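Numbering (the working numbering), first residue to last: 208 to 332. Glycine included, C-beta positions come from ideal geometry on N, C-alpha and C. Every value quoted in this text rests on a predicted model; they were computed, and no experiment measured them.
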C-alpha cells in the first residue's frame, strides 16, 4: 500500500505528542496499566489526523487503480477515462471526474462519522 510509512510516521508522531500530555500522566499516576493508558486514552486522541487522511485518500486509491488498469490493459474505468480525455469527450470525462469527486465527499463524510465515534470530544449539533 502506497504511503503506509508516512501514515505510520504521522500516527507515531501524534502518539508521542499525546503521551506527553498531562491527562496521560494523571492516568499513569492513578495506577492504570500502561496498555489501558495507551489504548484507551492516548490512541483515541492520536488517531484523529490519521482518520482524516484516510478519508481523503479514497479517490487516490481509485486513481491508482485506474493507472494500473491502463498499464495492464484491464477492462475497467481507467482506460475509458483515458480514451475520453484523448478523444476530448467532455461529457464522459466530466462524469467520471464527478464520480471521483463524489467519492471524495463520501470519504470525508465517513471520516467525520468515524471521528465522532472515536473521539468523545467531537460532537456535531
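| Check | Outcome |
| --- | --- |
| Going by the CB atoms, is the gap between residue 299 and residue 266 shorter than 8 Å? | no |
| Between 319, 235 and 211, which has its C-alpha nearest residue 262's C-alpha? | 319 |
| Measure from the alpha carbon of residue 218 to the alpha carbon of each residue in 258, 275, 232 and 291, then state which is nearest. | 258 |
| Taking the beta carbon of residue 280 as the centre, do at least 16 other beta carbons fall within 10 Å, making it buried, or is it exposed? | exposed |
| Tell me the DSSP secondary structure of residue 232 in three-state form. | helix |
| Give the DSSP-derived three-state secondary structure of residue 302 in the structure shown. | helix |
| Count the other CB atoms, across all protein chains shown, that sit within 10 Å of the CB of residue 210; report buried if there are 16 or more and exposed otherwise. | exposed |
| Assuming residue 250 contacts residue 222 (C-beta within less than 8 Å), just tell me the rounded distance between them. | 7 Å |
| Mind checking which residues open and close the alpha helix (DSSP H) that includes residue 214? | 211-226 |
| Here's the rule: buried if 16 or more other CB atoms are within 10 angstroms of the residue's CB, otherwise exposed. What is residue 309? | exposed |
| Which residues bound the alpha helix (DSSP H) around residue 277? | 265-279 |
| When the distance is taken between beta carbons, is residue 252 closer than 8 Å to residue 225? | yes |
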